[in-house]
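Reviewing the structure listed below.
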Amino acid sequence: MADDDCIFCKIVAGELPVQKVEEDEHTISFMDINPWTRGHALVIPREHTRNLYEAPEETLHRTSVAAQRLALRMRDRLGCDGVNLLNSCEPAAWQTVFHYHVHVIPRYDDDPLELPGKPQEVESDELAKIAEELRGA
Ligand code: 5GP
Ligand code: ZN
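So the sequence shown is numbered by our numbering: it starts at 32 and just counts up by one.
Written out as structure tokens, the structure is:
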């Protein structure tokens, strides 16, 4: 069900103008208003769902497939050299709009984006311990 306070629900309802690129029965793809690179776009499900924790399986599937279509358009029409898919789940992970969405970010060999994290060294015991925690033994 649509959330009255959600800007992406307003976009789905046609109450907020966006530059749409593509839509289907379940998803809409449109340009991000503050792009990180030339062509940065978002794919959202029409159905309101807060984020990755809560999205139903079919929502994840449909948005991923729409994101692939968009990535291919970016390659073929914008001539990008690669694409990043990004999803942020909760504020700790940079989520600012609480309607599930996938960023599709075309990348160019000479663009200024950098990896947001630094790979760290970790002891193998520590990796094993974390894996154990995740397995729930
Ligand atoms: P998040 O920070 O939740 O991962 O991503 C939200 C994205 O939505 C941001 O990249 C932001 O620029 C974009 N955004 C926020 N409000 C609007 C809007 O009204 N129109 C469009 N086209 N994009 C928006
Ligand atoms: Zn919404």
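In this text, a Cβ means the ideal position worked out from N, Cα and C, and glycines have one as well.
Regarding D34 and the ligand ZN, is the C-beta to nearest heavy atom distance less than 7 angstroms? yes
Between the Cα of I124 and the Cα atoms of K51, Y84, Q99 and I42, which residue gives the shortest distance? It is Ala, not Ile, that sits at residue 124 in the sequence shown. Ranking the options by Cα distance to A124, first place goes to Y84.
Assigned secondary structure, V85 (DSSP; H/G/I helix, E/B strand, else coil): One detail in the question is off: residue 85 reads as Glu in this sequence, not Val. E85 falls in the coil class under three-state DSSP.
Per DSSP, which residues does I75 bridge with? Please list them. I59
Beta bridge counterpart(s) of V135 as assigned by DSSP: A72 and L116
Check: T94 C-beta below 7 angstroms from any heavy atom of the ligand 5GP: no
Would V133 pass as a contact of T90 if the rule is Cβ separation under 8 angstroms? no
Buried or exposed: which applies to H130, given that a residue is buried once 16 or more other Cβ atoms fall within 10 Å of its Cβ? buried
Quick check on K149: does DSSP put it in helix, strand or coil? coil
Quick check: the region 102–111 against the region 137–148, are at least 3 beta-carbon pairs closer than 8 angstroms? yes
Can you tell which of K41, P122 and A72 has its C-alpha closest to the C-alpha of N82? P122
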